[in-house]
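Novice: Numbering (UniProt numbering), first residue to last: 1 to 172.
Handing you this structure, nothing more for now.
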Amino acid sequence: MKGCTGRMIDWWFGWIHNTEQYKLWHPRDHAFSDWEGPRENNSTYVGGRHLVHEYISGQLAKLRISFLDPSNYFGDGWKEHFKKAGYSTAVCGRTRTWNQDGRDVSTGHLIHLTKDGPDGCRMRSRFWLGDVDGLTDPQQREAATPQPLAMGLCKHTTEEMAILTAILLELY
């Protein structure tokens with residue numbers, strides 16, 4: 001992400017709350033955004049929940065992304081380990097599908113792992129799909145995540161980060 005840094009990525013996730021802001025990130029696929037939790041716009045997003053409607057593979061997905069402290073995935077000493085390895089941030093979350101009644105079902109996890117470099121940052125995004133509430137059978141979990149959804153999510157995320165690279169320097 002030429003010209004960008006992990007600090008800028010953290011700022012972005014703390015800033016983006018409403019639909020207008022969310023559509024900047026992917027004007028075609030992003031349809032709705034709201035936020036539950038801290039709204040200080042100061043890189044504070046851990047503990048918050050991003051409620052979004054977005055199109056993935058042409059299908060509308062209604063998601064609630066609960067942003068978690070990276071220690072949930074990397075352990076208590078994650079900051080020191082990351083610093084030694086040159087990583088600048090890790091955006092971590094639990095993804096859930098939701099409806100207007102507020103009911104949701106956990107469906108997966110996400111991590112955007114960022115490493116700063118001389119010309120910008122490199123982000124590696126990882127998604128664990130199929131970690132669905134109430135499903136313990138591996139075949140049922142696999143069936144809950146169709147291959148087109150996984151491929152569409154990869155395409156969507158690649159497009160999002162390309163767009164973010166183009167707009168973040170001006171917004172930050």
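For each residue, glycine too, the CB sits at the ideal point set by N, CA and C.
Just so we're clear, the structure is a prediction, and the values are computed from it rather than from any experiment.
1) Give me, in chain order, the residues of the same chain whose beta-carbon lies closer than 6 Å to that of LYS23; leave out the 5 immediate sequence neighbours on both sides.
2) When the Cβ atoms of the region 134-145 are set against those of the region 88-102, are three or more pairs found closer than 8 Å?
3) Quick one: give me the first and last residue of the beta strand (DSSP E) that ILE65 is part of.
4) Could you give the first and the last residue of the continuous beta strand (DSSP E) run that contains LYS115?
5) What are the boundary residues of the beta strand (DSSP E) that GLU142 is part of?
6) Do GLY86 and LEU68 count as a contact pair if the criterion is CB distance below 7 Å?
Specialist: In terms of the structure at hand:
1) Closer than 6 Å at Cβ, skipping near neighbours: HIS30.
2) no
3) The continuous beta strand (DSSP E) containing ILE65 extends over residues 59-68.
4) It spans 104-117 - the beta strand (DSSP E) in which LYS115 sits, taken as one unbroken run.
5) First-last for GLU142: 138-143, but that is the alpha helix (DSSP H), not the beta strand (DSSP E).
6) no
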